[in-house]
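Structure, as structure tokens:
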Amino acid sequence: MGRPTPPIDPQTFWDAKILGWEDSRYQAPAAAPTWLERIAGGVSTSLRFRQETALALLAPHVPGRRLVELGCGSGRLAERLTALGAADYHGIDVSPVAIARARERVADSAQARRIGFEVGGVAELPALGDALVFSLGLFDWLSDAEIGHVLTIGRGGAYFHAVAERQRSIQQAIHRLYVHLAYGRRCDYVPRYHALADITAALDRCGLPPCRVYRHPKMRFGIFVSDLPLSGA
Ligand SMILES: C[S@@+](CC[C@H](N)C(=O)[O-])C[C@H]1O[C@@H](n2cnc3c(N)ncnc32)[C@H](O)[C@@H]1O
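Numbering (the numbering used here), first residue to last: 29 to 261.
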């Protein structure tokens with residue numbers, strides 16, 4: 029009989045992982061801490077493409093708008109979005125390690141006055157008013173209840189979320205294998221894939237209509253779901 033995998037809390041997991049993960053995905057692969065992460069980093073063009081595409085799709089909706097990024101990591105988009113004319117940007121992440129780097133990143137920025145970061149889990153957040161609430165790579169790590177909460181607290185504004193769409197594909201099989209080898213065999217905290225029907229059902233439970241969907245082959249099984257018109261990328 030195999031040993032049961034010990035439960036791990038998200039903050040502990042992300043405090044240990046987030047900076048190495050970001051460096052391997054967004055910088056030169058050589059910055060990655062392990063050979064497995066280096067391989068994953070080398071094929072992470074889809075994540076770099078996702079970030080640039082999110083920026084392009086959000087850009088027309090940003091001027092004058094309050095932005096809230098959930099699971100912001102080290103806040104790589106904060107300065108660029110405020111430079112596009114956002115009223116302000118507020119980044120929230122469960123990892124203090126990520127938020128410390130995010131604050132360092134913008135400390136000397138000309139936009140610093142309009143940027144704020146906060147440590148917190150999405151489950152504890154109150155309603156976010158008329159903000160445009162967005163996330164990249166967060167939904168994969170949330171429970172159904174947390175996804176419902178994110179959609180509910182964003183109801184007064186607009187939303188834009190990246191989701192890993194569940195599909196039968198070689199790419200997703202490789203991703204599952206990578207997750208298993210990298211950490212899934214040692215802990216029970218692994219990313220989820222969502223069918224679009226699950227997202228539509230979650231929206232419906234919150235009283236929201238079906239979303240718009242953006243797909244692109246370079247994002248592999250990543251999609252954006254939003255109530256905004258998605259053009260510009
Ligand atoms: C895959 S990383 C994505 C980081 C960044 N958004 C990006 O695309 O580069 C997921 C992020 O979500 C954060 N996160 C995970 N669960 C969370 C939760 N329940 N509440 C807030 N942040 C969470 C993690 O700390 C991590 O920074």
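Each residue gets a CB set at the ideal place from its N, CA and C atoms; glycine is no exception.
Check                                                                                                                                                                           : Outcome
Please list the terminal residues of the continuous beta strand (DSSP E) segment that includes residue 189.                                                                     : 186 to 192
Name, in chain order, the residues that DSSP records as bridge partners for residue 163.                                                                                        : 189
Hey, is residue 130 close to ligand 1, as in C-beta under 6 Å from one of its heavy atoms?                                                                                      : no
Entirely within the segment 62 to 113 and at least 3 residues each: give me those beta strand (DSSP E) ranges in chain order.                                                   : 94 to 98
Which term fits residue 132, buried or exposed, when burial requires 16 or more other beta carbons within 10 angstroms of its beta carbon?                                      : exposed
How about residue 126: is its Cβ closer than 6 Å to a heavy atom in ligand 1?                                                                                                   : yes
Rounded to the nearest angstrom, what separates residue 199 and residue 248 at their Cα positions?                                                                              : 7 Å
Return yes when the Cβ of residue 122 is within less than 7 Å of the Cβ of residue 38, no when it is not.                                                                       : yes
Cα-Cα, which of 154, 128, 161 and 150 is closest to residue 114?                                                                                                                : 161
Starting from residue 250, trace the beta strand (DSSP E) in both directions and tell me its first and last residue.                                                            : 250 to 254
Go through its chain and collect everything with a Cβ distance to residue 42's Cβ below 7 Å, but skip five positions before and after it.                                       : 122, 123 and 126
Let's see if you can read the secondary structure: which residues bound the beta strand (DSSP E) around residue 122?                                                            : Taken as a continuous stretch (DSSP letters only), residue 122 belongs to no beta strand (DSSP E), as it is neither H nor E.
May I ask whether a heavy atom of ligand 1 can be found less than 6 Å away from the beta carbon of residue 207?                                                                 : no
Per DSSP, which residues does residue 146 bridge with? Please list them.                                                                                                        : 120
Would you kindly work out how many angstroms separate the C-alpha atoms of residue 84 and residue 213, rounded to a whole number?                                               : 37 Å
Excluding the 5 residues preceding and the 5 following residue 117 in the sequence, name in chain order all residues of the same chain whose CB lies nearer than 6 Å to its CB. : 95, 106, 109, 110 and 143
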